[in-house]
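Below is one structure; the comments refer to it alone.
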Amino acid sequence: MSQMLDLDQLRTFLAIAEAGSFTQAAAIVNKTQSAVSMQMRRLEERIGRPIFARDGRLSRLTEDGERLLHYARKMIKLNDETISAFDETELAGFVRLGTPDDYADRFLPEIMARFSRSNPRAEIEVTCAPTPLLVQDLKSNRLDIAIISHVRDRGRGGDVVRHEPLVWVASARHCVHEETPLPLALGRATCDWRKAAVESLEAMGRDYRVLYSSWSTAGVGAAVMAGLAVSVLPESALRPGMRVLSDREGFPKLPHCEIAILRSWHQQSRLIDALAEHIVSSLDNLSVPIAAE
Numbered sequence: 026m027s028q029m030l031d032l033d034q035l036r037t038f039l040a041i042a043e044a045g046s047f048t049q050a051a052a053i054v055n056k057t058q059s060a061v062s063m064q065m066r067r068l069e070e071r072i073g074r075p076i077f078a079r080d081g082r083l084s085r086l087t088e089d090g091e092r093l094l095h096y097a098r099k100m101i102k103l104n105d106e107t108i109s110a111f112d113e114t115e116l117a118g119f120v121r122l123g124t125p126d127d128y129a130d131r132f133l134p135e136i137m138a139r140f141s142r143s144n145p146r147a148e149i150e151v152t153c154a155p156t157p158l159l160v161q162d163l164k165s166n167r168l169d170i171a172i173i174s175h176v177r178d179r180g181r182g183g184d185v186v187r188h189e190p191l192v193w194v195a196s197a198r199h200c201v202h203e204e205t206p207l208p209l210a211l212g213r214a215t216c217d218w219r220k221a222a223v224e225s226l227e228a229m230g231r232d233y234r235v236l237y238s239s240w241s242t243a244g245v246g247a248a249v250m251a252g253l254a255v256s257v258l259p260e261s262a263l264r265p266g267m268r269v270l271s272d273r274e275g276f277p278k279l280p281h282c283e284i285a286i287l288r289s290w291h292q293q294s295r296l297i298d299a300l301a302e303h304i305v306s307s308l309d310n311l312s313v314p315i316a317a318e
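Written out as structure tokens, the structure is:
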């Protein structure tokens, strides 16, 4: 194939692949829908193969489209890395970071302190939201990078940077864990930690009831600290006044939680790379708080 591929066309192609439709992709790349359609026709002419198949209102990749997706991502990434390598200006600008509030209190102070010391002219916009919403924001180009709860079978991707055990927690001053049915404070129904807790209790045949449900760890933690319910948290989220419940008290071990960094392919810059490096360093050096026994 003698023709050169157009990087702008490849960026639009990636936007369609992520968004699932020409209409949504047009908003992401700031083009009209007709301009997006024209770019894709020209890209198909250069490839010599159809890369999209209509599926109702959505645009599904053909087998050749899936093959092109792999190479398009590599080409865009290499192009952006090359430009950044010759940019000798001081790191400055704006970067959008997302994190679940589960991690915000524990991780962000160290991350932001490290990053700000190294890049005093940079501005960080922080969004706190559940992992599924952060993933969607990355796809829609509303975030540059996010710290997420990683689940392998959900296909979320990302680079895993920390492993932690999930633990059962209760108030150190109350005996709510002895109640039947067991009162629980957990995340929403789609929360992976909630699913782990419920599956564990059902496997051992223990009665339970979910009394408090929230995306917010602060809300869940308040119910625990008040002695109203038992919850499941990653080890780093333990707070003074909480106690960890063990198998000796009838609470079996839970799976580990994986924390990952997920980056948007829409934006590549040395500033985003620098923030990613500080996130990794901060999470590597993070100590586990001491909970009450």
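Residues in the sequence shown are numbered consecutively from 26, following the numbering used here. Virtual Cβ for every residue (Gly too), placed ideally from N, Cα, C. Since we're looking at a predicted model, the values are computed, not measured.
Among the options, the one whose alpha carbon lies nearest that of residue i
i      : options                           : result
Ala247 : Ser306, Ala78 and Ala195          : Ala195
Ile286 : Gly118, Pro125 and Val235         : Pro125
Arg273 : Gly118, Ile172 and Trp193         : Trp193
Gly275 : Arg288, Ala299, Ala222 and Ser165 : Ala222
Arg268 : Val255, Leu279 and Pro277         : Val255
Gly118 : Arg295, His199 and Tyr128         : Arg295
Ala40  : Ala78, Leu32, Gln28 and Val54     : Val54
Coarse secondary structure for residue i, derived from DSSP in three states
i      : result
Trp218 : helix
Leu159 : helix
His291 : coil
Met137 : helix
Asp31  : coil
Asp272 : helix
Ser174 : strand
Arg187 : strand
Ala154 : coil
Cβ neighbour criterion (16 or more within 10 Å) applied to residue i
i      : result
Ile297 : buried
His95  : exposed
Glu106 : exposed
Gly212 : buried
Lys164 : buried
Glu283 : buried
Asp217 : buried
Cutoff 8 angstroms: residue i Cβ touching any chain D Cβ
i      : result
Trp218 : In the structure shown, chain D cannot be found, because there is only a single protein chain.
Three or more C-beta pairs closer than 8 angstroms, one from the stretch 243-259 and one from the stretch 147-163: is that the case here?
no
Check whether the stretch 227-241 and the stretch 202-209 are in contact - that is, three or more C-beta pairs closer than 8 angstroms.
yes
Go through the stretch 55-130 residue by residue and report every complete run of the beta strand (DSSP E) that reaches 3 residues or more, in order.
77-80, 83-86 and 118-124
In chain order, which continuous runs of the alpha helix (DSSP H) of length 4 or greater are located wholly inside the stretch 192-257?
217-228 and 242-250
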